[in-house]
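When the letters of the sequence shown are read in order and numbered with this note's numbering, they come out as residues 2 to 156. The C-beta atom is built at its ideal place from N, Cα and C for all residues, glycine as well. Just so you know, these numbers come straight off a predicted model, no measurement behind them. Before any comments, here is the structure.
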Amino acid sequence: MVTIKEAAHLTRLSRKAIRHYESIGLIETCRNDAGYRLFSADTLSRLRKIRYYKNLGFPLDKIKDLLDAPESVVMDAMEHHIALLEDEIKETRLAVEAMEAVLSAEREDDSIRKTGLAIIALDLQNDLMAGGSLACNRILKILPPLSDLFIKARA
Numbered sequence: 002m003v004t005i006k007e008a009a010h011l012t013r014l015s016r017k018a019i020r021h022y023e024s025i026g027l028i029e030t031c032r033n034d035a036g037y038r039l040f041s042a043d044t045l046s047r048l049r050k051i052r053y054y055k056n057l058g059f060p061l062d063k064i065k066d067l068l069d070a071p072e073s074v075v076m077d078a079m080e081h082h083i084a085l086l087e088d089e090i091k092e093t094r095l096a097v098e099a100m101e102a103v104l105s106a107e108r109e110d111d112s113i114r115k116t117g118l119a120i121i122a123l124d125l126q127n128d129l130m131a132g133g134s135l136a137c138n139r140i141l142k143i144l145p146p147l148s149d150l151f152i153k154a155r156a
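Here you go:
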């Protein structure tokens, strides 16, 4: 018989988790004269099984069913759990693909905006350099649409 501190060390579970497992009926302990919990070898084995099933992703209510179940029931539960995990993997992959598509579209849209601005800047530069300066009417016609384009590009 070992104390909760030793049980926690031997099973690599926290004392809090062990107390919780006791409170929900996954394990039973006895107490010494001072009221300390004592854990038998069978209880330690049960705690290790709980940790094992928990690491596989089983919820505690399912673990409660598996602890005393025959091997065939455990194998069926594992097969079912694998199917659930595979579904989660598929859903996660779809979510990743959707996010990648959004990012790609956003990058492409940003690239198109930047390309459009670069073309306008080059045209403006060419107009200014070719004629020395633009006529006032030409500048007045170009600036409002250019200003609108810059505002849209920043949005």
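For residue 3, which residues does DSSP report across the bridge? Locating residue 3 in the sequence shown gives position 2, counting from the first residue. 40, per the DSSP bridge assignment.
Kindly indicate which three-state DSSP category residue 16 falls into: helix, strand or coil? One-based indexing of the sequence shown puts residue 16 at position 15. Of the three classes helix, strand and coil, the one that applies to residue 16 here is helix, per DSSP.
Tell me which residues share the same chain as residue 75 and place their Cβ nearer than 6 Å to its Cβ, disregarding the 5 neighbours each side in the sequence. Working through the sequence shown from its first residue, we reach residue 75 at position 74. Around residue 75: 67.
Suppose you measure from the CA of residue 99 to the CA of residue 57; what does that come to, to the nearest Å? Reading the sequence shown from its first residue, position 98 is the one you call residue 99. Reading the sequence shown from its first residue, position 56 is the one you call residue 57. Using only the alpha carbons, I get a separation of about 28 Å.
Residue closest to residue 36, alpha-carbon to alpha-carbon, out of 102, 4 and 44: Here residue 36 corresponds to residue number 35 of the sequence shown, with the count starting at 1. Cα-wise, what sits closest to residue 36 is 4.
What do you get for residue 70, buried or exposed, if any count of 16 or more other CB atoms within 10 angstroms of its CB means buried? Here residue 70 is taken as the residue at index 69 of the sequence shown, counted from 1. Its Cβ having fewer than 16 others within 10 Å, residue 70 is exposed.
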